[in-house]
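So for the sequence shown, my numbering puts the first residue at 10; every next one is plus one.
Glycine included, C-beta positions come from ideal geometry on N, C-alpha and C.
These notes are about the structure you will find just below.
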Amino acid sequence: MPTGSAERDQLNIEIDQHYDAWAAASDSCYSIAPQTLTGAAAMLDVIMIRDGDNIDDAVLKPLLILRDSLCAMVQA
């Protein structure tokens with residue numbers, strides 16, 4: 010999606026709403042360790058969505074691989 014497109018802006022709003030709801034459920038969304046593979050994959054998604062711009066590409070690629078591996082384990 011191109012930066013600044015209406016579709017991307019709407020997606021960002023939806024992501025922000027989901028993240029805000031999740032963050033509001035705890036004092037700090039990063040302080041609660043996930044208890045399941047699905048939870049770990051979801052936490053990685055949130056980190057990459059919210060903080061991806063601040064994560065170096067050399068670190069982001071392994072995080073994507075880890076997230077995909079966790080999702081594959083859940084589906085197995």
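Check: C-beta atoms of Ala49 and Leu79 nearer than 8 Å; Outcome: yes
Check: CB of Leu46 within 8 Å of CB of Val83, strictly; Outcome: yes
Check: Short Cβ contact (8 Å threshold) for Met57 with Leu75; Outcome: no
Check: Coil, strand or helix - Ile58 by DSSP; Outcome: helix
Check: Whole-angstrom distance between Leu69 and Arg59, CA atom to CA atom; Outcome: 12 Å
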